[in-house]
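Student:
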Amino acid sequence: MMTATQELIDGYLIRLEPAARTLPEDRRTELLTKIREHTGTPDETAVCDVLDRLGDPEEIAREAGGAPSNLGHLSSRVAAHSKIVVVLLLLLGSIVVPFVGWVVRAVLLWASTRWTLRQADQDPWSGPEAWASRSSSCSSRRVRRSADRSLRECRPAPSTARPSVCQPCRCRTNPGLAHIT
Amino acid sequence: MELGDAQNLLTQMRRGTLPYCVLALLKDDERYGVEIIRLLGEVDSMVTSEGTVYPLLARLRRQGLVETTWRESTTGPPRRYYRLTPAGDRALDAFVGEWARFRDGVGHFIGKGTGT
Chain S
0 MMTATQELID
10 GYLIRLEPAA
20 RTLPEDRRTE
30 LLTKIREHTG
40 TPDETAVCDV
50 LDRLGDPEEI
60 AREAGGAPSN
70 LGHLSSRVAA
80 HSKIVVVLLL
90 LLGSIVVPFV
100 GWVVRAVLLW
110 ASTRWTLRQA
120 DQDPWSGPEA
130 WASRSSSCSS
140 RRVRRSADRS
150 LRECRPAPST
160 ARPSVCQPCR
170 CRTNPGLAHI
180 T
Chain H
0 MELGDAQNLL
10 TQMRRGTLPY
20 CVLALLKDDE
30 RYGVEIIRLL
40 GEVDSMVTSE
50 GTVYPLLARL
60 RRQGLVETTW
70 RESTTGPPRR
80 YYRLTPAGDR
90 ALDAFVGEWA
100 RFRDGVGHFI
110 GKGTGT
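The listed protein sequences derive, respectively, from chains S and H. Per numbering that gives the first Met the number 0, residue 0 is the first one in the first sequence, and the count goes up by one each step. Per numbering that gives the first Met the number 0, residue 0 is the first one in the second sequence, and the count goes up by one each step.
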């Protein structure tokens with residue numbers, strides 16, 4: 000029960016922190032400290048009431064001077080930078096990836112049990128380099144595809160990875176937390 | 000007037016007057032944050048989001064209208080108490096005079112309009 004209570008408070012603070020990001024350091028710390036103190040350690044029945052009465056974290060941050068327009072401006076700047084990085088990756092990726100791909104293929108082939116030293120003796124041209132050049136178009140496509148996949152995997156983890164986000168109003172509507180209200 | 004406009008007007012009026020209500024609460028007594036919020040919350044429609052009172056208190060302190068001291072509490076962790084500064088006292092006095100004039104002015108016209 001106590002865990003659920005603390006989870007609700009943590010969820011609330013997690014919403015408040017990013018909303019207050021545009022505030023100067025000292026003011027942000029002061030605000031977060033006060034709100035944390037205010038929530039205190041209420042019992043299970045009180046926590047939802049306390050959070051509901053505190054109100055929307057974004058509104059509190061706005062009142063403290065953390066203008067959402069600044070945040071929007073910041074995120075649009077980040078978005079602009081991301082676009083530039085993507086364009087550069089698209090331009091340079093085709094130059095860099097084949098070289099990296101060649102090295103990867105060479106290592107894989109050397110390590111492969113299907114290609115033995117005897118084969119290398121019999122046909123020196125069928126060494127890793129030759130294999131690599133023969134399967135060049137196919138492998139590089141594969142490497143490129145896996146590079147694309149790893150690019151996709153580089154995106155920030157979805158927010159669900161964070162601790163569950165508490166919206167005060169959910170206390171009333173979330174059946175999982177109904178026992179608290 | 001649409002509902003949205005009415006809400007907006009109420010928000011604006013609250014924003015303009017709430018700081019002085021806080022100063023008035025501290026006129027004769029020093030109080031801690033949760034106590035101030037509780038007293039404001041006892042009057043209907045004064046505060047819709049209690050959390051916004053903390054930024055307001057911080058602003059009043061930056062403006063030099065209130066000052067704070069930490070005090071030990073018998074029931075829990077130390078509390079930050081707020082009290083009026085001389086500047087806060089003057090600001091409250093000035094507002095009280097202006098508010099009376101403004102209220103009478105509005106009441107003059109509204110009273111005529113409603114026939115009371």
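By construction, the Cβ of each residue, glycine as well, lies at the ideal position given by its N, Cα and C atoms.
Would a C-beta distance cut-off of 7 angstroms place residue 53(S) and residue 75(H) closer than the cut-off?
Tutor: no
Student: Look at the Cβ atom of residue 87(H), then the Cβ atom of residue 65(H), and state whether they are nearer than 7 angstroms.
Tutor: yes
Student: Any contact of the region 32-48 of chain H with the region 6-21 of chain H, i.e. 3+ C-beta pairs under 8 angstroms?
Tutor: yes
Student: Anything in chain S within Cβ reach of residue 51(H), meaning under 7 angstroms, just list it in chain order.
Tutor: Chain S residues near residue 51(H): 54, 58, 59, 62.
Student: Exposed or buried, residue 39(S), counting other C-beta atoms within 10 Å across all chains shown (16 or more means buried)?
Tutor: Answer is exposed; the Cβ neighbour count stays below 16.
Student: Can you tell me which of 47(S), 60(S), 31(S), 58(S) puts its alpha carbon nearest to the alpha carbon of residue 7(S)?
Tutor: 47(S)
Student: Under 7 angstroms Cβ to Cβ from residue 67(H), same chain only, skipping five residues before and after it: list those, please.
Tutor: Leaving aside the five residues that flank residue 67(H) on each side, the residues in its chain whose CB is nearer than 7 angstroms to its CB run, in chain order, 60, 79, 80, 81.
Student: Residues of chain S with a CB under 9 angstroms from the CB of residue 33(H): which are they?
Tutor: 36, 37, 39
Student: Cα separation between residue 56(S) and residue 1(H)?
Tutor: Rounded to whole angstroms, residue 56(S) to residue 1(H) spans 27 angstroms at the Cα level.
Student: For residue 29(H), I'd like the list of residues in its chain whose CB is within less than 7 angstroms of its CB, leaving aside the five on either flank, ordered along the chain.
Tutor: 80, 81, 82
Student: Under 9 angstroms, CB to CB, which of the residues in the region 53-65 of chain H have a partner in chain S?
Tutor: 53, 54, 55, 56, 57, 58, 61
Student: Please report the Cβ distance between residue 31(S) and residue 18(S), rounded to the nearest whole angstrom; I am assuming they are in contact, meaning their Cβ atoms lie under 8 angstroms.
Tutor: Between residue 31(S) and residue 18(S), the beta carbon gap of about 11 angstroms keeps them out of contact (Cβ cut-off 8 angstroms).
Student: Return no unless some Cβ of chain H is closer than 7 angstroms to the Cβ of residue 29(S).
Tutor: At least one chain H Cβ lies under 7 angstroms of residue 29(S).
Student: Using DSSP bridges, identify the partner residues of residue 69(H).
Tutor: 79(H)
Student: Quick one: does residue 44(H) have its CB under 7 angstroms from some CB of chain S?
Tutor: Not one chain S Cβ lies under 7 angstroms of residue 44(H).
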